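Asker: Going by the numbering used here, the sequence shown opens with residue 15, and the numbers climb by one from there.
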Amino acid sequence: MKPKFLFFILLFSTVALSQELENIADQKPFQFSGSFTLYGSNYHIDGIAARRKDFSWYLTGNPNFKIYGVDIPLSFTVSEQERSFRQPFNQFCVSPSYKWAKAHLGYTNLTWSPFTWAGQTALGAGIELSPGKFRFGFLYGRINRAVEEDVTAVEPVTPAFKRTGYAARIGYGTETSHMDLIFVKGKDDEKSLDSIPRQTVILPAENAVLGLSSKLKFSEHFFWDVDLAASVVTRDIRATPLSRDDEGLANNFRSVLRVNTSTNLYNAVQTEFGVVTKYVKIKAKYKRVEPDFQSMGAYYFQTDVENITLEPSFTLAKSKLRINSSVGQQRDNILHQKSFTSKRFIGNLAVDWTLGKYFGINALYTNYSSDQSKGLKIPNEALKQTYISQNILFSPRLTFMNEKMSHFHILVANRQWMQDRNATTAPQTEYQVDNLNYTGSLVFNQSALTLSGSYLLTVFDANTNSNRLNGFSLSANKAFFSNKLNSGVSGAYTMHELNSAPFATILNIASQHNYTLTQHHGIALQFNFLSNQAKVAGTDSFTEYNIDLGYTYTF
15 MKPKFLFFIL
25 LFSTVALSQE
35 LENIADQKPF
45 QFSGSFTLYG
55 SNYHIDGIAA
65 RRKDFSWYLT
75 GNPNFKIYGV
85 DIPLSFTVSE
95 QERSFRQPFN
105 QFCVSPSYKW
115 AKAHLGYTNL
125 TWSPFTWAGQ
135 TALGAGIELS
145 PGKFRFGFLY
155 GRINRAVEED
165 VTAVEPVTPA
175 FKRTGYAARI
185 GYGTETSHMD
195 LIFVKGKDDE
205 KSLDSIPRQT
215 VILPAENAVL
225 GLSSKLKFSE
235 HFFWDVDLAA
245 SVVTRDIRAT
255 PLSRDDEGLA
265 NNFRSVLRVN
275 TSTNLYNAVQ
285 TEFGVVTKYV
295 KIKAKYKRVE
305 PDFQSMGAYY
315 FQTDVENITL
325 EPSFTLAKSK
335 LRINSSVGQQ
345 RDNILHQKSF
355 TSKRFIGNLA
365 VDWTLGKYFG
375 INALYTNYSS
385 DQSKGLKIPN
395 EALKQTYISQ
405 NILFSPRLTF
415 MNEKMSHFHI
425 LVANRQWMQD
435 RNATTAPQTE
445 YQVDNLNYTG
455 SLVFNQSALT
465 LSGSYLLTVF
475 DANTNSNRLN
485 GFSLSANKAF
495 FSNKLNSGVS
505 GAYTMHELNS
515 APFATILNIA
525 SQHNYTLTQH
535 HGIALQFNFL
545 SNQAKVAGTD
555 SFTEYNIDLG
565 YTYTF
């Protein structure tokens, strides 16, 4: 079978080009730079079926055009793959600005507030104006393109209606202290598909969101941030219309969007109050998002959630001791529509203490607990979800540095465990994981030689099984010929035990060498070897290696 070739060029992929027009005369009209890399790889394996081809190659390029100071990067890859041609994915945006005016043309990606227009990419145009302390903005574009259902595709294709939308903002203030009023409107085109999807149910929707976003800085030490939003969603614009006499809340929005039996109103709020001084920083946060809240100007929301969080932190002992902590409670079922209510408690404490010139300590403790309580129903005690997950970490470090040599030593001891307070499910869910890791590095400054070593022990214990990983690694890196050649070699050996019996031993050996021939030409050689020796009957042992040789041209 002849090899298939994949030719993929990513042209202007999510590229945002910003140009200050008042400085354009100082820029060169045209510049061209970039690089091309050609790699060949030889692969071999014994003991199991091959996981890739014996030989493969690929060519990549990253040319970059610069026109009057605006970078226009391109990239492409030509490789031998058992895949068919794919359509390029193109996204391009240019954002010229002049003094307090800025325009966006192409695939715009703006964030005005977390509950209104929050990072949604739209193909269209937008403008932002900031004369003095006034803040204006408007954008319009296609949010989603129409996607037809394809039941013959190898990979599932989710059909979608064409969706367009716009957003408007008016506000006053600066980036650090302001108040903005934002309106978002989006709508699906129910006639944008040639055929009605048969295997996937999709509904043409319409959405309008009104939000308030503010950052208030009362003084150097006090701030208060607030984000509010009300979202009206019509899930299916083809649903049965409401009568004019209907006194439901949704009927009040007829002038904004199409209202029918699938229309609902949802609210969201988050606020944060903080006190900041040189040694103390305290934040109090509150967040409440109703179930099914959405905005067509954002990709995703965690809904049906209410959080209350307090985050105190301290800087003491002339900044040598730093303490960060947080404690909070979260619950769902905020509209009392679910069968059960889940409540979660989250707390953590982190300490970083530099005891002297050479020695320091990091310590961390986290606690995450969950409990299920009454909603519309009373939970079954035998199936009730209630547990505590805890994590504790202790990490001392040593650092020695002088003109000739530097060396670093870090030890990390970590335990994570989960306790199930439901006696029925505890035997299947409780576990404990212990990790012990040491890493040390020795750097000879004058000879550009670095020696490193590490040791790792991981033990996972549960009622169903027990796993133990025990291994070490060594590596060396050195530069030669005035840093033209950089070479490195490493090796790792790991022993794996399952239920206190040997399961496998794993040996990894790798080396990498990069040589700069001239300013524009370079070569690279990489070698990787893996040996997995099984200790259990019925499990395959295998050895595997690959050698990569590459050439890079930079211009």
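Yeah, the Cβ is synthetic: ideal placement off N, Cα and C, and Gly gets one too. Everything numeric in this text was worked out from a predicted model, so none of it was measured.
Please report the straight-line C-alpha distance between Gln343 and Ile360, rounded to a whole angstrom.
Answerer: When the Cα atoms are used, Gln343 and Ile360 turn out to be separated by approximately 6 Å.
Asker: Leaving out five residues on either side along the sequence, give the residues of the same chain with a beta carbon under 6 Å from the beta carbon of Lys201.
Answerer: Glu220
Asker: In the structure shown, what three-state DSSP assignment does Ala506 receive?
Answerer: DSSP places Ala506 in strand when its eight states are reduced to three.
Asker: Reducing DSSP to helix, strand and coil, say where Thr443 ends up.
Answerer: helix
Asker: Please list the terminal residues of the continuous beta strand (DSSP E) segment that includes Asp208.
Answerer: In the DSSP assignment, Asp208 falls outside any beta strand (DSSP E) and carries neither an H nor an E.
Asker: For the stretch 341-358 against the stretch 376-392, do three or more pairs of beta-carbon atoms, one drawn from each stretch, fall closer than 8 Å, so that the two count as touching?
Answerer: These segments touch.
Asker: How big is the Cα-Cα spacing for His58 and Lys295?
Answerer: Counting only the Cα atoms, Lys295 lies some 57 Å from His58.
Asker: Cutting at 7 Å between CB atoms, please list the residues of its own chain near Arg159, excluding the five before and the five after it.
Answerer: Lys176
Asker: Using three-state DSSP, classify Phe328 as helix, strand or coil.
Answerer: strand
Asker: Between Arg268, Lys229 and Arg272, which lies nearest to Thr285 when the distance is taken from Cα to Cα?
Answerer: Lys229
Asker: Please go through the same chain and pick out, in chain order, the residues whose beta-carbon is closer than 7 Å to the beta-carbon of Thr413, but skip the five residues on each side of it.
Answerer: Tyr372 and Phe422
Asker: Start and end of the beta strand (DSSP E) containing Arg429?
Answerer: Met419 to Asp434
Asker: Give the single residue among Ser525, Ser111 and Cys107 whose Cα lies nearest to the Cα of Leu119.
Answerer: Cys107
Asker: Measure the CB-CB distance between His235 and Val283 and report whether it falls below 9 Å.
Answerer: Taking 9 Å as the cut-off, the beta carbon of His235 is found no closer than this to the beta carbon of Val283.
Asker: Whose CA, out of Tyr567, Lys492 and Glu444, lies closest to the CA of Val457?
Answerer: Lys492
Asker: What is the DSSP secondary structure of Phe267, reduced to helix, strand or coil?
Answerer: The answer is helix: DSSP assigns Phe267 an H, G or I state.
Asker: In three-state DSSP terms, what is Glu220?
Answerer: Here Glu220 sits in strand by DSSP.
Asker: Taking the straight line between their C-alpha atoms, what separation do you get for Leu531 and Ser468?
Answerer: One C-alpha to the other measures close to 33 Å.
Asker: Could you compute how far the alpha carbon of Ser257 sits from the alpha carbon of Thr277?
Answerer: 13 Å
Asker: Keeping to the same chain, check which residues put their C-beta closer than 6 Å to that of Glu325; ignore five residues upstream and five downstream.
Answerer: Lys297 and Ser340
Asker: From which residue to which residue does the beta strand (DSSP E) around Ala538 run?
Answerer: Secondary structure note for Ala538: its beta strand (DSSP E) is the uninterrupted segment His535 to Ala548.
Asker: Apply the 10 Å Cβ neighbour rule to Gly552 and answer buried if 16 or more other Cβ atoms are within range, or exposed otherwise.
Answerer: exposed
Asker: Going along the chain, which unbroken runs of the beta strand (DSSP E) with 3 or more residues stay wholly within the stretch 130-207?
Answerer: 132-143, 148-158, 176-187 and 192-203
Asker: For Ile523 and Thr508, which I take to be in contact (beta-carbon distance under 8 Å), what is that distance rounded to the nearest angstrom?
Answerer: The Cβ separation is near 13 Å, so there is no contact.
Asker: Between Tyr72 and Val92, which are expected to be in contact by the criterion C-beta below 8 Å, what is the C-beta distance as a whole number of angstroms?
Answerer: Confirmed, about 7 Å.
Asker: Please report the residue range of the beta strand (DSSP E) in which Ile81 lies.
Answerer: Run containing Ile81: Asn78 to Ile81, per the beta strand (DSSP E) assignment.
Asker: Mapping the DSSP letters down to three states, classify Lys229 as helix, strand or coil.
Answerer: The answer is strand: DSSP assigns Lys229 an E or B state.
Asker: Start and end of the beta strand (DSSP E) containing Glu558?
Answerer: Phe556 to Thr568
Asker: Quick check: the Cα distance between Thr568 and His534, rounded to an integer number of angstroms?
Answerer: Rounded to the nearest whole angstrom, the CA to CA distance from Thr568 to His534 is 5 Å.
Asker: Quick check: the stretch 167-186 against the stretch 315-334, are at least 3 beta-carbon pairs closer than 8 Å?
Answerer: No: fewer than three Cβ pairs fall under 8 Å.
Asker: Three-state secondary structure (DSSP) at Glu395?
Answerer: coil
Asker: May I ask which residues mark the beginning and end of the beta strand (DSSP E) holding Trp367?
Answerer: Phe354 to Thr368
Asker: Note down, in chain order, each residue of its chain lying with its Cβ closer than 8 Å to the Cβ of Phe267, except the 5 sequence neighbours on either side.
Answerer: Ala222, Val246, Val273, Thr277 and Leu279
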